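J.: Those sequence lines, one after another, are chains A and B. Just remember that the working numbering sits 85 ahead of the position in the first sequence, which is counted from 1. Just remember that the working numbering sits 2 ahead of the position in the second sequence, which is counted from 1. Here it is, the structure in full.
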Amino acid sequence: MSNATAATLGGQAAVRVEDARQGRLHRLVLEHHAFVWRCLRRFGVPAGDADDAAQHVFLVAAKKLDQIPAEQEKTFLFGTAVRVASNARRSSVRMHETPWMEVPEVPSHAPLPDEQLSQAERQRVLDEILARLPLEVRDVFVLAELEHWSAPDIARAVSIPVGTVASRLRRARELFAGEVRRLQARTGTTREKRP
Amino acid sequence: MSDAFRDELGEFGRGLLEAGETERPSTASRDALLAALVAAPAATLGAPAAAKAFPLHAASKWLVGGALAVTFVAGVWVGSHADPNRVAPSLAQEAPLPLVREAPVVAIPVHLEAPAAPQVVSYTYSPRAESTATSMPNDEPPTAPEPSVAPVPPTLAEEIAAIDAARAAVNTHRLDEARAALSHYEARYGRTGTLRPEAKLVTVQMHLAGGERETAAAVAESLAQAYPSSVAAHRAMRLLQESSR
Numbered sequence: 086m087s088n089a090t091a092a093t094l095g096g097q098a099a100v101r102v103e104d105a106r107q108g109r110l111h112r113l114v115l116e117h118h119a120f121v122w123r124c125l126r127r128f129g130v131p132a133g134d135a136d137d138a139a140q141h142v143f144l145v146a147a148k149k150l151d152q153i154p155a156e157q158e159k160t161f162l163f164g165t166a167v168r169v170a171s172n173a174r175r176s177s178v179r180m181h182e183t184p185w186m187e188v189p190e191v192p193s194h195a196p197l198p199d200e201q202l203s204q205a206e207r208q209r210v211l212d213e214i215l216a217r218l219p220l221e222v223r224d225v226f227v228l229a230e231l232e233h234w235s236a237p238d239i240a241r242a243v244s245i246p247v248g249t250v251a252s253r254l255r256r257a258r259e260l261f262a263g264e265v266r267r268l269q270a271r272t273g274t275t276r277e278k279r280p
Numbered sequence: 003m004s005d006a007f008r009d010e011l012g013e014f015g016r017g018l019l020e021a022g023e024t025e026r027p028s029t030a031s032r033d034a035l036l037a038a039l040v041a042a043p044a045a046t047l048g049a050p051a052a053a054k055a056f057p058l059h060a061a062s063k064w065l066v067g068g069a070l071a072v073t074f075v076a077g078v079w080v081g082s083h084a085d086p087n088r089v090a091p092s093l094a095q096e097a098p099l100p101l102v103r104e105a106p107v108v109a110i111p112v113h114l115e116a117p118a119a120p121q122v123v124s125y126t127y128s129p130r131a132e133s134t135a136t137s138m139p140n141d142e143p144p145t146a147p148e149p150s151v152a153p154v155p156p157t158l159a160e161e162i163a164a165i166d167a168a169r170a171a172v173n174t175h176r177l178d179e180a181r182a183a184l185s186h187y188e189a190r191y192g193r194t195g196t197l198r199p200e201a202k203l204v205t206v207q208m209h210l211a212g213g214e215r216e217t218a219a220a221v222a223e224s225l226a227q228a229y230p231s232s233v234a235a236h237r238a239m240r241l242l243q244e245s246s247r
């Protein structure tokens, strides 16, 4: 085989590898973009910034693609999304001295529970409640209740034992239910004062 | 256990959780991200620098869409003209290509410039294992993408177009067109397609839109068996549950 032929074959192989890599990256985006975007939103990134933050997550994934085992793609994306959201929050606080997810004692435009809320209002209230949960239980809650991950999958993603997942989820549910009840009670009071 | 928790929450609390479950980004933002990944070979860029070079904030999304349009148009043209023996993908010719239609052609020359003041620049993201992430100077303009050599695997681009066409047809209740697009997808990619779960999901949506709930359930069941951990399977089952309420 001549050197020229070997170089040509080597070049073709490199093109195939790059094509496969691009194919995997595209599949990652198509399969997990919505999941990553939702995670960013649930961890405090405003809707207007979530697209950019999601791009950041996938660029990190692209850079490390060869190191991500196929069975851990979603876990990797989740961990990266949590870090990107966390850093973005800190950055926002430094720049504007007001956090993205500033949680008022009573939500400023708290809706009445029995009113017909729009989807966007529900999402806003959900994020306000989630922002009140400690981070270590929030990620378990989001993965279990909103993304329907199994306990073993959550344990791998968060690097904690399955038993700890169960205890954190129990705690998160108590806190979440308490916040919902509190919001209902307060807004119910507000409603009575209205004409 | 989770059902008991949701019962405890009541209708208001359940509504909050459902709002979180169903919130999704726009298809346009996903397509813009795909275009950005095509335009920016991320393996050669530090992530923050790449994010700065190709932000997706509102002012620049249409520019990225333009780049994607060039990529797709060039791909279809090359596929149908460069090699007379090659059969150009019929879906690319017959079915609507939303990305091409939606992207403004005038964006083509503009996307060579680095957009100003991208919001993502403010990120100080520095994960522990990302020590080399800022290897590209922040003020270095992005390399101009070459549409004709964009490394999108042709079949994947065709798959995306096929699924998007089918989904658009379902969303506008053009069910015959959706059925034709999905049949074409099945015939062409049924065994090897990367997006088979997505195609099944759109099939479920199509049957539900047509009132064929039993057929939808059968497809969803096969989807769940073939791809039990996929988002598409989970979503299909949820759509079925919602349709039965």
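Every residue, glycine too, gets a C-beta built ideally from N, C-alpha and C. It should be emphasised that the depicted structure is a prediction, and the values quoted were computed from it without experimental measurement.
1. With a Cβ-Cβ cutoff of 9 Å, do residue 216 (chain B) and residue 231 (chain A) count as a contact?
2. Leaving aside the five residues before and after residue 239 (chain B) along the sequence, list all residues of the same chain whose C-beta is less than 7 Å from its C-beta, in chain order.
3. As an exercise, report each continuous alpha helix (DSSP H) stretch of at least 4 residues that is fully enclosed by the segment 183-214 of chain B, in chain order.
4. Could you check which residue in A:132, A:270, A:208 has the C-alpha nearest to that of residue 21 (chain B)?
5. According to DSSP, simplified to helix, strand and coil, what is residue 234 (chain A)?
6. Mind checking which residues open and close the alpha helix (DSSP H) that includes residue 175 (chain B)?
7. Rounded C-beta distance between residue 162 (chain A) and residue 117 (chain A)? I'm assuming under 8 Å.
8. If we ignore side chains and look at the alpha-carbon of each, how far apart do residue 240 (chain A) and residue 242 (chain B) end up?
9. Please list the partners that residue 10 (chain B) has in chain A, where partner means a Cβ-to-Cβ separation under 7 Å.
10. State buried or exposed for residue 194 (chain B), treating a residue as buried only when at least 16 other CB atoms are found within 10 Å of its CB.
11. For a quick check, are the C-beta atoms of residue 166 (chain A) and residue 228 (chain A) less than 9 Å apart?
12. Taking the alpha carbon of residue 210 (chain B) as the point to measure from, which residue in B:180, B:165, B:8 has its own alpha carbon closest?
13. So with Cβ pairs under 9 Å, would you call residue 236 (chain B) a contact of chain A?
14. Is the shortest distance between the beta-carbon of residue 31 (chain B) and the beta-carbons of chain A less than 9 Å?
15. Measure from the C-beta of residue 271 (chain A) to each C-beta in chain B and report whether the shortest distance is under 9 Å.
16. Determine contact between the segment 8-19 of chain B and the segment 249-265 of chain A, defined as no fewer than three beta-carbon pairs at a distance below 8 Å.
17. Could you compute how far the alpha carbon of residue 173 (chain A) sits from the alpha carbon of residue 182 (chain B)?
18. Say whether chain B places a C-beta atom closer than 9 Å to the C-beta of residue 129 (chain A).
19. Relative to the alpha-carbon of residue 257 (chain A), which residue among A:271, A:243, A:217, A:246 has its alpha-carbon at the smallest distance?
20. Suppose you measure from the CA of residue 161 (chain B) to the CA of residue 171 (chain B); what does that come to, to the nearest Å?
21. Give the secondary structure of residue 218 (chain A) by DSSP, where H, G and I count as helix, E and B as strand, and everything else as coil.
22. Taking CB distances under 9 Å as the criterion, tell me whether residue 172 (chain B) reaches chain A.
23. For a cutoff of 9 Å on Cβ pairs, would you count residue 228 (chain B) as touching chain A?
24. I'd like to know if residue 157 (chain A) contacts chain B, where contact means its C-beta is closer than 9 Å to some C-beta of that chain.
25. How many angstroms separate the CA atom of residue 196 (chain B) from the CA atom of residue 176 (chain B)?
26. Name the chain D residues whose beta carbon is nearer than 8 Å to that of residue 231 (chain A)?
27. Going by other Cβ atoms of all chains shown within 10 Å of its Cβ, with 16 needed for buried, is residue 247 (chain A) buried or exposed?
28. Could you compute how far the alpha carbon of residue 255 (chain A) sits from the alpha carbon of residue 213 (chain A)?
29. Between the beta-carbon of residue 225 (chain A) and the beta-carbon of residue 169 (chain A), is there less than 9 Å?
30. Quick one: what does DSSP say residue 25 (chain B) is sitting in, helix, strand or coil?
31. The alpha helix (DSSP H) spanning residue 135 (chain A) covers which residue range?
32. What residues from chain B crowd round residue 248 (chain A), counting only those whose CB sits closer than 8 Å?
33. At a Cβ threshold of 9 Å, is residue 239 (chain A) touching chain B?
34. Quick check: what's the CA-CA separation for residue 157 (chain A) versus residue 132 (chain A)?
35. If you draw a straight line from the alpha carbon of residue 148 (chain A) to that of residue 213 (chain B), how long is it in whole angstroms?
T.: For this structure:
1. no
2. 222, 226
3. Within the segment 183-214 of chain B, the complete alpha helix (DSSP H) segments of 4 residues or longer fall at 198-211, listed in chain order.
4. A:208
5. coil
6. Per DSSP, residue 175 (chain B) belongs to no alpha helix (DSSP H) and is neither H nor E.
7. Taking the Cβ atoms as the reference, residue 162 (chain A) lies roughly 5 Å from residue 117 (chain A), within the contact range of under 8 Å.
8. 29 Å
9. 262
10. exposed
11. no
12. B:180
13. yes
14. A Cβ of chain A is located within less than 9 Å of the beta carbon of residue 31 (chain B).
15. no
16. Yes, they touch.
17. 44 Å
18. no
19. A:217
20. As the crow flies, the alpha-carbon of residue 161 (chain B) is around 15 Å from that of residue 171 (chain B).
21. coil
22. Judged by the 9 Å Cβ criterion, residue 172 (chain B) is not in contact with chain A.
23. By this cut-off, residue 228 (chain B) is not an interface position.
24. no
25. Residue 196 (chain B) and residue 176 (chain B): Cα-Cα distance of roughly 25 Å.
26. Absent from the structure is chain D; the protein chains it does hold are A and B.
27. exposed
28. 20 Å
29. no
30. Coil.
31. For residue 135 (chain A), the enclosing alpha helix (DSSP H) has its first and last residue at 132-148.
32. Within chain B, no residue comes near residue 248 (chain A); the closest Cβ sits about 15 Å away, beyond 8 Å.
33. No, residue 239 (chain A) does not count as interfacial toward chain B.
34. 26 Å
35. 45 Å
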